[in-house]
Amino acid sequence: MAESVAAAAVENVINQEMTYASPYLRYFFCYGEIVQDFTNQRNALKLRKQRVDTRVGEAKNQIEVIYEDVEDWLRRAKHELEETQNLQDEIDRVKCFKWCPKWGWRYCLSKKLAEKTPIYYL
């Protein structure tokens, strides 16, 4: 009886630890995946912004009304691209030192990227 209670308690503690530790382990072990996801989302936002900019330019040439929400989206997209340029520069700098990675630094960068990536779903 005591063994089954102890086993259940240990299993419960392990499950809770994995729930709380998994994001931190992901930052450490999935650096490449997080960087790739960030880069893909940033590039998708950049392409979407270019497409909207082109259509807005065409609409302005035809003297059509540009809605405020479109202009607001363009401002937010521009701000996000400018804000994330520093993170992109850090990623590019890491590529130069791939043969000697600094694990703590990569963990911090991975965490910043993972926190910033969901914003690209504007």
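Counting in the working numbering, the sequence shown runs from 122 upward without gaps.
Cβ coordinates follow ideal geometry from the N, Cα and C atoms, glycine included.
Check	Outcome
C-alpha distance - Glu189 paired with Tyr148, whole-angstrom precision	38 angstroms
Three or more C-beta pairs below 8 angstroms linking the segment 191-203 and the segment 147-161	no
Alpha-carbon to alpha-carbon, Thr175 and Arg163	18 angstroms
Backbone secondary structure at Val134 - three-state DSSP	For Val134, the predicted model reports a pLDDT of 47, less than 50, meaning its position is unreliable and no value from the coordinates is stated.
Val186 - containing alpha helix (DSSP H), residue span	Looking at the DSSP string, Val186 is not in any alpha helix (DSSP H), and its letter there is neither H nor E.
Residue span of the alpha helix (DSSP H) that contains Thr175, given as start and end	152-182
Beta-carbon proximity list for Gly178, same chain, < 8 angstroms, skipping 5 on both sides	none
Beta-carbon separation (whole angstroms), Lys167 vs Leu202, contact threshold 8 angstroms	6 angstroms
Whole-Å CB distance - Lys170 paired with Leu195, under 8 angstroms assumed	7 angstroms
Backbone CA spacing between Asn182 and Val173 [nearest angstrom]	14 angstroms
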